[in-house]
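Below: one structure, written as structure tokens.
Numbering (our numbering), first residue to last: 160 to 892.
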């Protein structure tokens, strides 16, 4: 955990440094850059204050939220600085440029800030475990972004009014690259045919990405520690002496590899990777090993080596799971529990064995453990079955008979005795001291209410049998639970579908599962379904909040819909990013390097919620500026929709490029630098990173084309005599 937190701090610092360098490359002024990035420490402190006020702790997830906000906090400052510089180039003095610069963009800054913050409101209604993690990120980002708005409209103009950036006489970036981009955008929006092609290709590509590349879901990241918890369960009837001998053999087998050279395993000299430490615990029912490889990349190989050694002993069941900083060390975030219940234990155990074997077959080397550990009715037992008619004649109740037998054998619990803070259990034993065997058990004396003393076999039948060593009940029903952890290559959602279709349904169709057997699927799969349902309800709520907020700010129903068309396209970009990241991980593995696979878990899906509030920022700038330009034209100086959009794209291109690149650079260390705990936030990071990148591209391609089409339709309606629509709430320069 400490290594994970330290890693986030490092990535946070690197992200701030990279964002600052990008901003300097754009502004080419140390003073302007200092004014822009002064908000980073202020917003970071604000994030921690927000976490403190909300009663949150500093953990990997909340720190990741602070790191996510690093690049985003610069967006508002960039927009304001660019607006102030524009006013200076138009000839205004420093003070007037600062005032007019803020005035011309304050509505866009307010809209982008509030959408980013209020989009997290539905998170408060997610009660599952994932919702608690979401709220940490939501608090950190919201506090940081709110502070960034205050910095942008107060500190930035105040500093700008008193400092010379040395950029007043410079060209506003009319370089070859900028001209080529603007020329390309101009071609895309020049004619109705080009506009329809741009819109159609973008929508088709985004829909194809969402439909074809969206991966099956996981519940939560495992938060893996490079250690394994491997257990071996003995068959019924084993004693401590036997298990001790087996446990010492297993320990002696692995001890030579403690402190070994990892290169020996990689070169094939040994079939066991180098071990950092080995901890063993032995009991009559089995043994458990807690171990860690020297090289974290060898964790799977170590788990396989331990389970393979366990299985060399006949009748033993082996199970191994990775360590986790989120759940219990039994694969809790990827576990699929099959609760098998039925009328009799023999039928239940037969069904459990059939399910166990079928799951092993279709999943391909899953990790399975059962509760009870044994799936055989082979535990030797002595059964005392009272003759209830005879017992009733003697005035003996079922409780009395059971208590008497317990006292004369294993001991009967009487009461509790407290000595200071110590609790002592009191048990009642017969004179035999609990050492009665099968032959002498029938002669144990039973005292009746009538004062008679009879041997136990006079009121009960005693027999030797076999049965389960324990009985598990769920909702009052005798139940066997199989805990199935699919291989790492099979996501949890896909694993659940395979078990339903290829295990449960297949066994029922083949007759291996009788109609009297009921199988319920629970565990992490249950929580995955519940969280997905909550997200499916709350995502639309977030969209409605964003829409109504922009309607209130723009005083218009149509423009917010125009802006929000970029949201699904940004989501498509996030999905592409996740696919590319996993593709890179697979390529690294093929070259013999330590690869990785980022799951599409519930924390990663938080990235879509963040995108809903952030991808609209650039479209707000473009649409807002285009409407301003249309409003500026009147009479003979009327501005056409095409010219208005061209001007909006030209004037907003640099702040869009700057804010996008600073955000990407701020997020990049979290996504691309490996380390402890990175799997917790790497998924949400890559979705936000590529989602913002995709939304920026769409904001400069499809959005201008769509905006021109909508505004031209509006102008045509107005010329045809339609009632003018209400204007945009904005202050014109």
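Note that beta-carbon positions come from the ideal geometry of N, C-alpha and C, so glycine has one too. The structure presented is a predicted model; accordingly, all values stated were derived computationally and were not measured.
What is the residue span of the beta strand (DSSP E) that residue i lies within?
i	result
residue 578	571-578
residue 665	That residue, residue 665, is in no beta strand (DSSP E); its alpha helix (DSSP H) goes 665-669.
residue 709	Segment 683-713 is the alpha helix (DSSP H) holding residue 709; no beta strand (DSSP E) there.
residue 442	434-442
residue 459	Counting along the chain, residue 459 falls outside any beta strand (DSSP E), though it belongs to the alpha helix (DSSP H) covering 458-469.
residue 445	445-452
residue 636	636-644
residue 416	Looking at the DSSP string, residue 416 is not in any beta strand (DSSP E), and its letter there is neither H nor E.
residue 854	Taken as a continuous stretch (DSSP letters only), residue 854 belongs to no beta strand (DSSP E), being part of the alpha helix (DSSP H) at 837-858.
Which residue comes first and which comes last in the alpha helix (DSSP H) that contains residue i?
i	result
residue 291	288-309
residue 908	One cannot answer for residue 908 here, as it falls past the ends of the chain, which runs 160 to 892.
residue 335	335-348
residue 370	351-372
residue 562	557-567
residue 253	253-277
residue 605	Here residue 605 belongs to no alpha helix (DSSP H); instead the beta strand (DSSP E) covers 604-606.
residue 248	219-248
residue 319	315-319
Taking the alpha carbon of residue i as the reference point, which residue from the options has its own alpha carbon closest?
i	options	result
residue 858	783, 465, 246, 523	783
residue 656	263, 498, 322, 375	375
residue 441	507, 676, 391, 570	391
residue 631	571, 684, 620, 507	507
residue 266	239, 818, 512	239
residue 514	523, 524, 497, 756	497
residue 658	676, 680, 672	680
residue 648	684, 739, 758	758
residue 365	696, 730, 187, 669	730
residue 644	638, 652, 606	652
residue 202	179, 213, 229	229
residue 297	565, 582, 817, 210	210
residue 726	670, 492, 861, 754	861
residue 380	312, 469, 493, 431	493
residue 232	875, 826, 833	826
residue 174	187, 225, 192	225
residue 444	396, 454, 641, 718	396
residue 436	449, 877, 430	449
residue 389	706, 564, 670, 482	482
residue 600	566, 609, 421, 581	566
residue 368	541, 734, 401	734
residue 641	802, 378, 662, 558	662
residue 845	828, 855, 856	828
Are residue i and residue j close, meaning C-beta to C-beta below 9 angstroms?
i	j	result
residue 781	residue 804	yes
residue 475	residue 404	no
residue 700	residue 292	no
residue 457	residue 480	no
residue 842	residue 737	yes
residue 310	residue 235	yes
residue 821	residue 182	yes
residue 294	residue 213	yes
residue 587	residue 570	yes
residue 639	residue 618	no
residue 466	residue 526	yes
residue 848	residue 830	yes
residue 724	residue 850	no
residue 814	residue 312	no
Can you say whether residue i is buried or exposed, counting buried as having 16 or more other CB atoms within 10 angstroms of its CB?
i	result
residue 198	buried
residue 764	buried
residue 517	buried
residue 185	buried
residue 221	buried
residue 696	exposed
residue 611	exposed
residue 788	buried
residue 468	buried
residue 576	exposed
residue 584	exposed
residue 634	exposed
residue 668	exposed
residue 732	buried
residue 178	buried
Indicate, with yes or no, if the ligand NAP has a heavy atom lying under 8 angstroms from the CB of residue i.
i	result
residue 789	Among the ligands in the structure shown, none appear at all, so the ligand NAP cannot be discussed.
>> Which complete beta strand (DSSP E) runs does the segment 750-811 hold, if anything under 3 residues is left out?
In response: none
> Whole beta strand (DSSP E) runs in the segment 501-550 with 3 or more residues, listed along the chain?
Replying inline: 526-530, 538-545
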